[in-house]
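Per this note's numbering, the very first residue in the sequence shown carries number 1102; after that it's consecutive. Built from N, CA and C at the ideal position, the CB exists for glycine as well. Data first, discussion second: the structure below is written as structure tokens.
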Amino acid sequence: MKRKVLSTILAASMVATMAVGCGGGNSAQTDAPAADAGTEAPAEGGDAAQAEAPAPVAADQEGGKIGVAMPTQSSERWIKDGGNMKEKLEALGYEVDLQYAEDDVQMQVSQIENMIASGSQCLVIAAVDAGALTTVEAQAKEAGIPIIAYDRLLMDTDAVSYYASFDNEGVGTAIGEYVKTAKDLDAAREAGESYTIEFFMGSPDDNNAVLLHKGVMGVLQEYLDDGTLVCKTGRTSFEDTCILRWSQETAQQWCENYLTGFYADEDLDIACTAFDGFAYGVKAALQGAGYTADNWPLITGQDAELMACKNILDGTQTASIFKNTSLLADKCVTMVEAVMKGAEPEINDTTTYDNNVVVVPSYLCTPISVDKNNLQEVVVEEAGYYTAEELGL
Ligand code: BGC
């Protein structure tokens, strides 16, 4: 933490440093990728039509084949998501074709084409790139195969029947609130003090990332505006902080560059990251730059992955957002039952998730902030998500 006067002086030198950094020294990889056209937050209350409830696919028939398309096995949460969906659907008598696309858009398109060709009667999709599946989604619709969007909204299509996710803006709000409370930003403002902060936000082709950034800034923008928070790189917009495909490596590289280019004389106090994978990258960059427990920053994340939980307990990550993927799978399974048998799925949002074509009826689960004070209670005792042993407790 520094007095604001010092920050102001540094801000002036930062502008000079940035000019040098952006113009020459930094490699192309260090530039934040620009958000592409499909990444804009859907207009609230726009004129997109309400998605219609589909006719049941196989009302009088037991079981059936469900295609489950997941984005990647590179992060633990999706492995859990895929496993949960397979287990819960199989328990209800369905055959499950579970595929992971390893963050490769074309691979995911081919996997979905194969699911259609091999007789899947319903598709559950967590997209690699939410706007890149419109052709294959139209093929599914043409073949009478309903689609459920899993965790990530499917954009620019009328072929999606339901959406199961978390309150994605709420995830961002929870991250922002965590930073605000943990650093007592109101007290810092009163005292004329400030903290340095950098942002590592999610993929521009994932609607969740746009909403998360909106939620974070809904809490933190006022502190950036009045100088209680100082972002020395100047990168606070979604376009400047989004990291394509949620890449841990890119987060690490950006953090290394930020520390070298902007934090040679002053410590980074807060790394506001949107994903546990980013928190791991930031941790590695900080260790490489010689940070220790004495000047370790507050680091946020998302997903409460096992490694993140261990890092929270040993102090190398401060907080995460716990999203119980087992509950999410339960909700998604009720949607599969709805489209297969005409059952009524539980819906708790019919206005927020406008995908530019239809407003998709959604069920949003509630995210929970965790840190070392409530991790055991929330994640182990209440949710049974990990055992105490897995966490080394
Ligand atoms: C999910 C997050 C996850 C991220 C990276 C997002 O769509 O909502 O929970 O951390 O993807 O995998």
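| Test item: CB-CB of TYR1201 and PRO1157 under 9 Å | Within the sequence shown, residue 1201 is the residue found at index 100, counting from 1. Within the sequence shown, residue 1157 is the residue found at index 56, counting from 1. Between TYR1201 and PRO1157, the C-beta gap is not smaller than 9 Å, which leaves the two residues out of contact.
| task | Check the C-beta distance from TYR1279 over to THR1417 and give it rounded, since I have them as a contact under 8 Å. | result | One-based indexing of the sequence shown puts residue 1279 at position 178. One-based indexing of the sequence shown puts residue 1417 at position 316. Distance from TYR1279 to THR1417 at the Cβ level is roughly 16 Å; contact not present, criterion being Cβ atoms closer than 8 Å.
| Where does TYR1271 sit, in a helix, a strand or coil, going by DSSP? | Against the sequence shown, residue 1271 aligns to sequence position 170. Strictly speaking, residue 1271 in this sequence is Gly, with Tyr absent from that position. Note: GLY1271 maps to helix in three-state DSSP.
| field | Beta-carbon contacts of GLU1483 that lie in its chain and below 6 Å, excluding the five residues immediately before and after | value | Position 382 of the sequence shown, counted from the start, is the residue given in the question as residue 1483. Shown here for GLU1483: not one same chain residue has a beta carbon closer than 6 Å to its own, the five before and five after excluded.
| query | Based on the DSSP output, what are the partners of ALA1250 in its beta bridges? | reply | By one-based count along the sequence shown, residue 1250 stands at place 149. Answer by DSSP bridge pairing, in chain order: ILE1226, TYR1264.
| GLU1299 - containing beta strand (DSSP E), residue span | The residue labelled residue 1299 in the question sits at position 198 within the sequence shown. Counting along the chain, the unbroken beta strand (DSSP E) around GLU1299 starts and ends at 1294-1301.
| message | Check whether the stretch 1278-1297 and the stretch 1356-1375 touch, using three or more Cβ-Cβ pairs below 8 Å as the test. | response | Yes: at least three Cβ pairs fall under 8 Å.
| ALA1310: CB within 8 Å of a non-hydrogen atom of the ligand BGC | Taking the first residue of the sequence shown as position 1, residue 1310 is located at position 209. Because some heavy atom of the ligand BGC lies under 8 Å away, the Cβ of ALA1310 counts as near it: yes.
| field | Simplified DSSP state of GLU1145, which is helix, strand or coil | value | The count along the sequence shown starts at 1 and reaches residue 1145 at position 44. The predicted position of GLU1145 is uncertain, since its pLDDT is 40 and thus under 50; a value taken from the coordinates is nonetheless stated next. Correct three-state label for GLU1145: coil.
| request: Apply the 10 Å Cβ neighbour rule to THR1467 and answer buried if 16 or more other Cβ atoms are within range, or exposed otherwise. | output: Against the sequence shown, residue 1467 aligns to sequence position 366. Here THR1467 is exposed: its Cβ has fewer than 16 other Cβ atoms, across all protein chains shown, within 10 Å.
| said: Give me the residue from LEU1234, THR1453, ALA1150, SER1262 with the minimum Cα distance to PRO1513. | reply: Nothing can be reported for residue 1513, as the shown portion of the chain is limited to 1102 through 1494.
| query | Within the chosen definition, does the stretch 1405-1412 reach the stretch 1306-1318 through at least 3 CB pairs nearer than 8 Å? | reply | No: fewer than three Cβ pairs fall under 8 Å.
| query | Residues in its own chain within less than 8 Å of THR1451 by CB, not counting five upstream and five downstream? | reply | In the sequence shown, the residue the question calls residue 1451 occupies position 350. Contacts found: GLN1151, VAL1460, PRO1462, SER1463.
| Span of the beta strand (DSSP E) holding GLN1200? | Here the question's residue 1200 lines up with position 99 in the sequence shown. GLN1200 -> beta strand (DSSP E) spans 1195-1201.
| said: Shorter than 8 Å, the distance from the beta carbon of ASP1470 to the closest heavy atom of the ligand BGC, or not? | reply: Indexing the sequence shown from 1 puts residue 1470 at position 369. The sequence shown places Ser at residue 1470, rather than the Asp named in the question. No, the beta carbon of SER1470 sits no closer than 8 Å to any heavy atom of the ligand BGC.
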